[in-house]
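Visitor: First, the structure itself, so that you have it in front of you.
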Amino acid sequence: MNVRALSFEQGPIRPPNEARSLLLRLTRNCPWNQCLFCPVYKDRKFSLRTVDEIKQDIQTARNIADDIRELSHKLGRNGAVDDAVISHISGGSGFSQCYRGMAVWMYYGTSACFLQDADNLIMKTDDLVAVLTFLREKFPEINRVTTYSRSKTVSRKSPESLKLIRKAGLNRVHIGLETGYDPLLRFMKKGVSAAVHVEAGRKLIDAGMEVSEYVMPGLGGQAMWREHAIETARVLNQINPHFIRLRSLRVPDRVSLYEKVKNGDFVMQTDDALAEEIRVFIEALDGITSRVSSDHIMNLLEDVSGKLPEDKPAMLEVIQSYQQLPEKDRIIFRLGRRGGVYRSIEDFRRDSETHQKISRLIQEIEASEGAPGVERYISEMVDRYI
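Residue numbers (this note's numbering): 359 to 744.
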């Protein structure tokens, strides 16, 4: 058996913070797949993988990991997966993509595993427990196992089932909350209510798992932005999740929401309006100890991050710093942020040379296309990341 050519199945996405996690696919695609804003899994049928299929993938991953350790010894690295081992694998031929990925996972030593795809708690409890138990047996070095799930699915699990799943090794569940405003949940076809979001979040926490709730600034558009911000905060105040992660709305032409944008049924928020929406949202978070994270390239203000309640003033100050910039400087920051030059307002303030370069670029665009051309340019830069 040529271990170096082996592979195992992986899904299309994972959270940004799971970039250095081992990725294993438990189900395929999304069982709901109706959300108007979601570009993932479209035209792909949901299916459950069998326990035997998943176990075989876990065994394959283990075989690859063992072979990498053996290779390290042959290279005189005493089993360590260091720069020399990575260089040998990345520069060599005959290594599968999964083999290379396993080497990178071992190199970073995160001891974390992310289970793909969109809703793995839809599996029968006994099946999921069997998979988690086998994973822990084959990879005792793993100390964090996380996955995606839907609130509706979690709400259907009994407290006893969730505790069994936690005991078997699932530490954290990522939930696409998106909004806590019921009219908006219905409009976007989320297939869940605010009350069910609260129920699911609390059930996971009561079972001993960490909960990461995803919020989508901009999802309310211009018509429902305030209700979206306030009601989402209200729901989160009832859940008190471990993490609140911001993922700003973008609408590529392949999602259902795009048609509503085209015909005027949904009007997108501007960046400036989005900053105010996030300010209202952060201001309304109260009585919880969640960690807020804005760690995504779609977000304008990445440094709206911190631990509640102590970092709330600092997060609001970041937003205020942006809002107090002159309009021209806000445009420069937006273009620099979307172009990957700036990560924070502080980057913008201390880099005068880049500021001047972007200012000249804006002048060139305005000279040929006017102010709307600048907005199109910025929007196109963001869309590259979708």
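All residues carry an ideal CB built from backbone N, CA and C; glycine is no exception. Note that the coordinates shown come from a computational prediction; the quantities given were computed from them, not determined experimentally.
#1: From D669 to S651, what distance separates their C-alpha atoms?
#2: For the segment 516–562, which segments carrying the alpha helix (DSSP H) assignment without a break, of at least 4 residues, lie completely within its bounds, in sequence order?
#3: What are the boundary residues of the beta strand (DSSP E) that includes T504?
#4: Identify whether L745 lies in helix, strand or coil by the three-state DSSP scheme.
#5: In angstroms, rounded to a whole number, what distance separates the CA positions of R386 and A438?
#6: Beta-carbon separation of D477 and R502 under 7 Å?
#7: Note down, in chain order, each residue of its chain lying with its Cβ closer than 8 Å to the Cβ of G664, except the 5 sequence neighbours on either side.
#8: Please classify Q681: is it buried, with 16 or more other beta-carbons within 10 angstroms of its beta-carbon, or exposed?
#9: Among P374, L433 and Y506, which has the Cα closest to the Cα of M656?
#10: Going by the CB atoms, is the gap between G534 and Y572 shorter than 7 Å?
#11: For K620, name the three-state secondary structure that DSSP assigns.
#12: Leaving out the 5 sequence neighbours to the left and right, which residues in its chain are closer than 6 Å to G452 when beta-carbon positions are compared?
#13: CB-CB under 7 Å to V676, same chain, minus the five flanking residues each way: which ones, in chain order?
#14: Taking buried to mean at least 16 other C-beta atoms within 10 Å of its own C-beta, is T505 buried or exposed?
#15: If you draw a straight line from the C-alpha of H586 to the C-alpha of L632, how long is it?
#16: So, using beta-carbon positions, are G559 and I597 closer together than 7 Å?
#17: What does DSSP give as the partner residue(s) for R649 in the beta ladder?
#18: Hey, L493 and I444 are a contact pair by Cβ (cut 8 Å); roughly how many whole angstroms apart?
#19: M626 and G579 look like a contact to me (Cβ under 8 Å); what is the Cβ gap, rounded to whole Å?
#20: How many angstroms separate the CA atom of Y457 from the CA atom of D629?
Guide: On the basis of the supplied data:
#1: 12 Å
#2: 517–526 and 540–545
#3: R502 to S507
#4: In this structure the chain extends from 359 to 744, so residue 745 is not present and cannot be described.
#5: 34 Å
#6: no
#7: R649, V650, K670, A672 and M673
#8: exposed
#9: P374
#10: yes
#11: helix
#12: R362
#13: L659, D661, V662 and I703
#14: buried
#15: 12 Å
#16: yes
#17: F601 and K665
#18: At roughly 24 Å, the Cβ-Cβ gap does not stay under 8 Å, so L493 and I444 are not in contact.
#19: 6 Å
#20: 41 Å
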